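Each residue of the sequence shown is one higher than the one before, starting from 512 at the first, in the working numbering. All residues carry an ideal CB built from backbone N, CA and C; glycine is no exception. Every value quoted in this text rests on a predicted model; they were computed, and no experiment measured them. Take a look at the structure below.
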Amino acid sequence: MSANDTIPFAGLAPERILDAIESVGYRCDGALMALNSYENRVWQVGIADERPLIAKFYRPGRWSDGQIEEEHVFCAAMLADELPVVAPIVIDGRTLFRHGGFRFSVFPKQGGRAPEFAEPAILEWMGRLMARIHQVGARKNFAQRETLNMHSFGTDPLDWLLANRVLPPDLEPVWKGVAEQALEGVAQCYARAGKLQLLRLHGDCHAGNVLWTADGPHFVDFDDARMGPAIQDLWMLLSGDAEEMGRQFGHVLAGYETFREFDDRELHLIEALRTLRLMHHSAWLARRWDDPAFPAAFPWFATNRYWEERILELREQIAIMQEPPLVPR
Numbered sequence: 512m513s514a515n516d517t518i519p520f521a522g523l524a525p526e527r528i529l530d531a532i533e534s535v536g537y538r539c540d541g542a543l544m545a546l547n548s549y550e551n552r553v554w555q556v557g558i559a560d561e562r563p564l565i566a567k568f569y570r571p572g573r574w575s576d577g578q579i580e581e582e583h584v585f586c587a588a589m590l591a592d593e594l595p596v597v598a599p600i601v602i603d604g605r606t607l608f609r610h611g612g613f614r615f616s617v618f619p620k621q622g623g624r625a626p627e628f629a630e631p632a633i634l635e636w637m638g639r640l641m642a643r644i645h646q647v648g649a650r651k652n653f654a655q656r657e658t659l660n661m662h663s664f665g666t667d668p669l670d671w672l673l674a675n676r677v678l679p680p681d682l683e684p685v686w687k688g689v690a691e692q693a694l695e696g697v698a699q700c701y702a703r704a705g706k707l708q709l710l711r712l713h714g715d716c717h718a719g720n721v722l723w724t725a726d727g728p729h730f731v732d733f734d735d736a737r738m739g740p741a742i743q744d745l746w747m748l749l750s751g752d753a754e755e756m757g758r759q760f761g762h763v764l765a766g767y768e769t770f771r772e773f774d775d776r777e778l779h780l781i782e783a784l785r786t787l788r789l790m791h792h793s794a795w796l797a798r799r800w801d802d803p804a805f806p807a808a809f810p811w812f813a814t815n816r817y818w819e820e821r822i823l824e825l826r827e828q829i830a831i832m833q834e835p836p837l838v839p840r
């Protein structure tokens, strides 16, 4: 086995990308531009006499075909409801294709800029749009895609990091103790919230996955779509201290409840979900370290300072999770 056999995307040369796009009926003009993506590889591909397309090549082994197709079905359902999502192009009844050992999909190019989430009008608009997405998401469940919960985003990452001896030896016992204490806090937040409705989510709703145009927001990248509580798609719209986040969430909620009722008990989960995201992100970086793109983009991950900062971060979250939940203003 060569070294390239163990490196994701090692065989994804430019000519293979162009061949893949032409295999589904397009005529490429040779123009290729890599776009910012780490989990997958995403390219803008020039098409002769037409607008460029976006080609997404999926990370080998990350998803099953069924999981990818569930994401595509979700996107198609939202598109059918006239929601501004960038869905994969259907070619001969299919959206997922194979070429040269890689799976890929093609998307229309969508322009736009990152939104300013601090603006009240934009927050209300985002609230309305998320409620409509959640209306579609609540119609049926994912059968194959993951559920966001304490195990998938907390216990599993913790166990994996410890089993693979990722942390510096002198910091591992400290991080382990703090992480376990943080998960106890997460469990308490979930207990205070009680049993909640789970629905299909975008899953990673931050400014980098929203493109704003004169017509408003357009959602891209449903890679992280999964089952979970509605608040997961709302809390990442917020920033600042508790008072500022409360003000911002008031605007989000004003828009959201135009179309869908929000369960206030989910407010107990905001800091729990933030804590789980922090733990999951550390494990994600570690699991991808064999991909040369990751050490190049995140060199600070392999340092003691990174883990010292994560320990402090989790300690802060432990304290915050003991405080009363956010109050919309």
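Cβ separation of residue i and residue j, assumed to be a contact under 8 Å, to the nearest whole Å
| i | j | result |
| --- | --- | --- |
| P595 | F730 | 7 Å |
| T769 | A642 | 7 Å |
| S534 | H610 | 5 Å |
| W746 | L796 | So it is not a contact: roughly 22 Å between Cβ atoms. |
| H791 | P631 | Rounded, the Cβ-Cβ distance is 31 Å, inconsistent with contact. |
| H583 | P599 | 5 Å |
| G557 | A542 | 3 Å |
Of the listed residues the options, nearest to residue i (C-alpha basis)
| i | options | result |
| --- | --- | --- |
| G714 | L678, Y767, N660 and D667 | N660 |
| E827 | L789, D802 and K620 | L789 |
| R798 | F760, V553, G572 and R538 | G572 |
| L607 | Q621, A654, A566 and R639 | A566 |
| D592 | A598, G611 and V647 | V647 |
| A588 | R609, I644, Q759 and W554 | I644 |
| P679 | E819, E526 and D560 | E819 |
| E627 | A718, G766 and E824 | A718 |
| V601 | F585, F618 and G611 | F618 |
| A741 | G638, P803, A804 and H791 | G638 |
| Q621 | E630, W554, F770 and L764 | W554 |
| A698 | L712, Q708 and G665 | G665 |
| D540 | I579, A632 and L529 | L529 |
| Y537 | C586, D603, H583 and A598 | D603 |
| A822 | E691, Q743 and G705 | In the sequence as displayed, the identity of residue 822 is Ile instead of Ala. Considering only alpha carbons, the answer is E691. |
| R711 | L837, D734, V721 and A704 | D734 |
| R816 | T724, D681 and L543 | D681 |
| E754 | P835, G557 and A531 | P835 |
| D732 | D576, I633, N720 and Q743 | N720 |
| A693 | E824, D752 and D802 | E824 |
| R552 | W811, F805 and I829 | F805 |
| I829 | T786, F809 and D801 | T786 |
| W636 | P728, D752 and R527 | P728 |
Opening and closing residue of the beta strand (DSSP E) in which residue i lies
| i | result |
| --- | --- |
| M738 | R737 to G739 |
| A587 | Unbroken run through A587 is the alpha helix (DSSP H), D576 to A591; no beta strand (DSSP E). |
| L546 | C539 to L546 |
| F568 | L564 to F568 |
| R552 | R552 to I558 |
Opening and closing residue of the alpha helix (DSSP H) in which residue i lies
| i | result |
| --- | --- |
| I822 | N815 to I831 |
| H779 | Neither: H779 is in no alpha helix (DSSP H) and is coded neither H nor E. |
| E526 | P525 to S534 |
| L745 | L745 -> no alpha helix (DSSP H), and no H or E assigned at all. |
| A808 | A804 to A808 |
| E754 | A753 to Y767 |
Beta-carbon spacing of residue i, residue j below 8 Å
| i | j | result |
| --- | --- | --- |
| C700 | L748 | no |
| R614 | Y549 | no |
| I831 | E782 | yes |
| E561 | F653 | no |
| G493 | P839 | Nothing can be reported for residue 493: it is not among the residues displayed for the chain, which extend from 512 to 840. |
| S793 | L673 | no |
| G739 | T814 | no |
| Q655 | Q578 | yes |
| G696 | Q833 | yes |
| A704 | R776 | yes |
| W723 | G612 | no |
| S750 | A629 | yes |
| L778 | L837 | yes |
Requested in this report: Within the stretch 682-731, note down every full alpha helix (DSSP H) run reaching 4 residues or more, in order along the chain.
Outcome: 683-704
Query raised in the report: Which parts of the stretch 608-672 are runs of the beta strand (DSSP E), unbroken and 3 residues or longer, counting only runs that do not cross its ends?
Result: For the stretch 608-672, whole beta strand (DSSP E) runs of length 3 or above, ordered along the chain, are 608-610 and 613-619.
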